[in-house]
Amino acid sequence: MGFTGTNCEVNAPADGCAQSPCENGGSCTSAGGTFTCECPAGFSGNTCETNVDDCAPNPCKNGAACEDGVDTYTCRCPAGFAGKDCEINADDCSPAPCQNGGTCVDGVNTYTCQCPDGFAGGNCEVNVDDCAPDPCQNGGTCVDGVDSYTCQCPAGFSGTNCEVNVDDCAPNPCQNGGTCVDGVNSYTCQCPVGFSGTNCGVNIDDCAPNPCQNGGTCVDGVNSHTCQCPADYYGLNCEIYIPPPDPFCTPNPCLNGAACVNSVCNCPPPYYGLFCEFYGGH
C-alpha cells in the first residue's frame with residue numbers, strides 16, 4: 033500500500049512494477065499492489081528468471097549432444113549426420129569417391145566402393161594385377177590389362193597362356209619321304225635310306241668312294257649305284273673278268289666229247305686228231 037495526493041492524503045495501492053521485477057526482458061503488469069511478468073519466449077518463472085530448457089526432452093537424434101540456448105537449441109551432430117536435429121545421414125558418397133566406375137554405397141560416416149572386375153582398393157583405385165600369379169607358361173611374358181592379361185610367347189609357343197607348342201612340322205618340311213619330328217621352335221627330319229640334309233633334300237652319293245672296279249663308271253641312284261663295266265668285266269662292281277670267247281672253240285669243233293681249250297681239242301683216249309676225229313692208236 034502507498035499514499036498519493038497533493039498532501040499524501042489518498043491511500044492508494046503500491047505499484048508492484050515500480051522496482052521492475054521482471055528479468056530477461058519480461059513485461060511487468062501491476063495489479064492490486066502486486067505484479068505479473070509476461071516472459072519472452074525461452075524464459076519462465078515469476079520474474080522470468082528461468083531459461084526454459086529447450087533440450088528437454090532431447091530433440092537431437094542419432095546420439096547428438098544438445099546445447100540449450102534462449103528459446104532455441106543446437107544439436108552437436110556426430111560424424112556422419114547433419115540437419116537441425118542430426119536426423120540426416122550425411123551422404124559420404126558425395127562427391128563420388130569411387131574411381132574406375134566403382135559404385136558407392138553410403139554408410140554412417142563411411143562408404144563402401146563396389147569395384148568393377150579388374151579393380152580393388154578402398155576407392156577402386158588399384159588395377160588388380162592379373163599377372164599375379166603369372167599365368168604364362170613356357171617362359172612367356174605377362175602384360176597386365178584391366179581384368180585381363182596378354183602373354184607374349186617365346187618363339188615356338190602360342191595360345192592364351194603360351195601353352196601350345198607350335199607344330200613346326202606343319203606343313204611337313206621334310207622331302208623325299210622323310211619323317212618330321214617336332215621340337216620347340218625347331219624340327220628334325222628322319223631321312224629314308226639314301227637321303228640326308230636338314231630336310232632330306234640331298235641324295236647321298238653312293239658313288240663316293242667309287243665302288244666300281246677295273247675302270248668301271250659309277251652311276252648314282254637312290255641308295256644304290258650302277259657300274260658301267262668295260263669289256264669282259266661283269267658283276268655289281270665289275271669285279272668279275274670273263275675273257276672273250278675263243279674263235280676256234282666257238283662253237284666247239286671238237287668231236288667225241290672233247291673239250292676245246294685255248295684253241296685246242298683235249299681228246300679223251302683213244303681219240304686223237306685236230307678235232308679228235310680219229311679213234312685208236314696212231
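Quick note: the sequence shown uses the numbering used here, first residue 33, plus one each step.
For each residue, glycine too, the CB sits at the ideal point set by N, CA and C.
Query: Going by other Cβ atoms of all chains shown within 10 Å of its Cβ, with 16 needed for buried, is A96 buried or exposed?; Result: buried
Query: Rounded to whole angstroms, what's the CA-CA distance from A44 to F67? Just pull it up for me.; Result: The predicted model places A44 with a pLDDT of 48, which falls under 50 and marks its position as unreliable, so this point remains unresolved.
Query: By alpha-carbon positions, which one of P302, P279 and D278 ends up nearest to N288?; Result: P302
Query: Skipping 5 residues on each side, what residues in its chain have a beta carbon closer than 7 angstroms to that of K116?; Result: C107
Query: By DSSP's criteria, E70 is part of a beta bridge. Which residues make up the other side?; Result: S59
Query: Could you give the distance in angstroms between the alpha-carbon of V196 and the alpha-carbon of C239?; Result: 45 angstroms
Query: Of the choices G112, C92 and A152, whose alpha-carbon is the least far from that of T104?; Result: C92
Query: Out of curiosity, what's the CA-to-CA distance linking E119 and D162?; Result: 44 angstroms
Query: For C250, which residues in the same chain have their Cβ closer than 7 angstroms to its Cβ, ignoring the five residues on either side in sequence?; Result: C239, N242, P243, C244, H257 and C259
Query: Sorted by chain position, which residues of the same chain lie with C-beta nearer than 6 angstroms to L306's C-beta, five sequence neighbours on each side aside?; Result: none
Query: Can you tell me the Cβ-Cβ gap for D47 and S62, rounded? I've got them flagged as a contact below 8 angstroms.; Result: 5 angstroms
Query: What do you get for G248, buried or exposed, if any count of 16 or more other CB atoms within 10 angstroms of its CB means buried?; Result: buried
Query: Could you tell me the alpha carbon to alpha carbon distance between P277 and L268, rounded to whole angstroms?; Result: 21 angstroms
Query: What residue does the beta strand (DSSP E) around C174 start on, and which one ends it?; Result: T173 to D176
Query: Would you mind reading off the limits of the beta strand (DSSP E) that contains T106?; Result: Y105 to R108
Query: Looking at the ligand GDP, does it come within less than 7 angstroms of V158, judged from the CB to the closest heavy atom?; Result: Absent from the structure shown: the ligand GDP. Ligands present: none.
Query: Helix, strand or coil: how does DSSP classify F189 here?; Result: strand
Query: Please confirm whether C223 and G215 have their CB atoms less than 8 angstroms apart.; Result: no
Query: Using the beta-carbon count (16 or more within 10 Å), is A187 buried or exposed?; Result: exposed
Query: Less than 8 angstroms between the beta carbons of N217 and D200, yes or no?; Result: yes
Query: Residues in the same chain with beta-carbon distance under 6 angstroms from C147, minus the five sequence neighbours each way, listed in chain order, please.; Result: G134 and C156
Query: So what does DSSP say about I120, is it helix, strand or coil?; Result: strand
Query: What residue range is occupied by the uninterrupted beta strand (DSSP E) comprising D214?; Result: T211 to D214
Query: What is the DSSP secondary structure of F280, counted as helix, strand or coil?; Result: coil
Query: In the DSSP assignment, what are the bridge partners of Q222?; Result: T211
Query: Which residues in the same chain as G312 place their Cβ atom closer than 6 angstroms to its Cβ, once the five residues preceding and following it in sequence are excluded?; Result: P302
Query: Quick one: using the 10 Å Cβ neighbour count with 16 as the cut-off for buried, is A73 buried or exposed?; Result: exposed
Query: Exposed or buried, what is G58 when buried is set at 16 or more other beta-carbons lying within 10 Å of its beta-carbon?; Result: buried
Query: Here's a check: name, in chain order, each residue in its chain whose Cβ is nearer than 7 angstroms to the Cβ of C212, leaving out the five neighbours to either side.; Result: C201, N204, P205, C206, Y219 and C221
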